[in-house]
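Mapping of the sequence shown onto the numbering used here: residues 185 to 457, in sequence order. Take a look at the structure below.
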Amino acid sequence: MNRTHLFAQYAAEHFRWSFEDGVATITLDRPERKNPLTFASYAELRDLFRALVYARDVRAVLLTGAGGNFCSGGDVHEIIAPLTAMAMPELLEFTRMTGDLVKAMRACPQPIVAAVDGVCAGAGAMLALASDLRFGTPNARVAFLFTRVGLSGADMGACSLLPRVIGHGRASELLYSGRAMSADEAHAWGFFNRLCGPAALLDDAHAFAKTLAQGPTFGHAMTKKLLHQEWSMGLDEAIEAEAQAQAICMATRDFRRAYEAFAAKRTPVFEGD
Numbered sequence: 185m186n187r188t189h190l191f192a193q194y195a196a197e198h199f200r201w202s203f204e205d206g207v208a209t210i211t212l213d214r215p216e217r218k219n220p221l222t223f224a225s226y227a228e229l230r231d232l233f234r235a236l237v238y239a240r241d242v243r244a245v246l247l248t249g250a251g252g253n254f255c256s257g258g259d260v261h262e263i264i265a266p267l268t269a270m271a272m273p274e275l276l277e278f279t280r281m282t283g284d285l286v287k288a289m290r291a292c293p294q295p296i297v298a299a300v301d302g303v304c305a306g307a308g309a310m311l312a313l314a315s316d317l318r319f320g321t322p323n324a325r326v327a328f329l330f331t332r333v334g335l336s337g338a339d340m341g342a343c344s345l346l347p348r349v350i351g352h353g354r355a356s357e358l359l360y361s362g363r364a365m366s367a368d369e370a371h372a373w374g375f376f377n378r379l380c381g382p383a384a385l386l387d388d389a390h391a392f393a394k395t396l397a398q399g400p401t402f403g404h405a406m407t408k409k410l411l412h413q414e415w416s417m418g419l420d421e422a423i424e425a426e427a428q429a430q431a432i433c434m435a436t437r438d439f440r441r442a443y444e445a446f447a448a449k450r451t452p453v454f455e456g457d
């Protein structure tokens, strides 16, 4: 059964969606509130990233926010207030659902580039962290502020993902204190891959995502999978997993296209098969 789908015309309900040159752009679009998440937007994002496993046309994803901010986290009035009145089964259903969004982002085969300006806090910081690469601006402020509202710093995989990106000691400081990480810190510590001027952020991030979309889709998907899976492997297991992955990639048409292009002294055109 063919389960592949085309997403160029995807009709989003709780964020903006656009598609160009193989790059799908997701824009969190509640600028008057700094783009907070709701129960519905969490669920739609989770379902969308799950469905991208079957996308034929989407080759890279750009995730950003409208109005000079990325995302302020869960909406205080539409999420936080209702949570204070829920019983444990409902609370656990919610926290598992938010974690499922991160798992869906890590499992989707397309590289995800987050373009972060302004506020990037709480669950918003986790969306940026769950992306594969992050472009920021000097105005960006990243805060894993869960302890500021009486919660654990362990949320949506933060205690697993953040130490791997910026180191255990730095992650511990941020998750215990809930303080904001400046753009310069985030860049120096490896959270941001690149800092851009606010006016250039989206163009720069989209241009980078486009270069990924023009690359070997199958090879990128395999790279993402192994980057994730090898966290829990020893070196011998990792080398064997990479041997198998590379042999599979060598059987693709894209591998032959690259060779033929090299031999003919031209740029390869990858088609993802």
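Every residue, glycine too, gets a C-beta built ideally from N, C-alpha and C.
Asked	Found
When the distance is taken between beta carbons, is residue 324 closer than 7 Å to residue 305?	no
Can you round the beta-carbon distance between residue 318 and residue 377 to whole angstroms, since I take them to be within the 8 Å contact cut?	6 Å
Does the distance from the CB of residue 257 to the CB of residue 397 come in under 7 Å?	no
Do you know offhand how far residue 126's Cα is from residue 314's?	As displayed, the chain neither begins before 185 nor continues past 457, which places residue 126 out of reach and without an answer.
Under a Cβ-count criterion, where at least 16 other Cβ atoms within 10 Å of its own Cβ denotes burial, should residue 374 be classed as buried or exposed?	exposed
Would you say residue 299 and residue 312 are within 7 Å of each other, going by their C-beta atoms?	no
Taking C-beta to C-beta, are residue 418 and residue 454 nearer than 7 Å?	no
Which residues share a DSSP beta bridge with residue 243?	None; residue 243 has no bridge partner.
Between residue 226 and the rest of its own chain, which residues show a CB-CB distance below 7 Å, the 5 nearest in sequence each way excluded?	281, 282 and 285
Please classify residue 233 as buried or exposed, where buried requires at least 16 neighbouring CB atoms within 10 angstroms.	buried
What are the complete alpha helix (DSSP H) segments, minimum 4 residues, inside the region 186 to 239?	223 to 235
On the three-state DSSP scale, how would you describe residue 325?	strand
By the 10 Å Cβ neighbour count, where 16 or more other Cβ atoms means buried, how is residue 212 classified, buried or exposed?	buried
Please tell me whether residue 208 and residue 237 are closer than 7 Å, where the distance is taken between their beta carbons.	no
For residue 258, write down the residues that DSSP places opposite it in a beta bridge.	221
Can you find a heavy atom of the ligand MN that lies under 6 Å from the Cβ of residue 412?	Absence of the ligand MN is noted for the structure shown, with no ligands found whatsoever.
Considering only C-alpha positions, which residue in the set 395, 250, 407 and 369 is nearest to residue 308?	250
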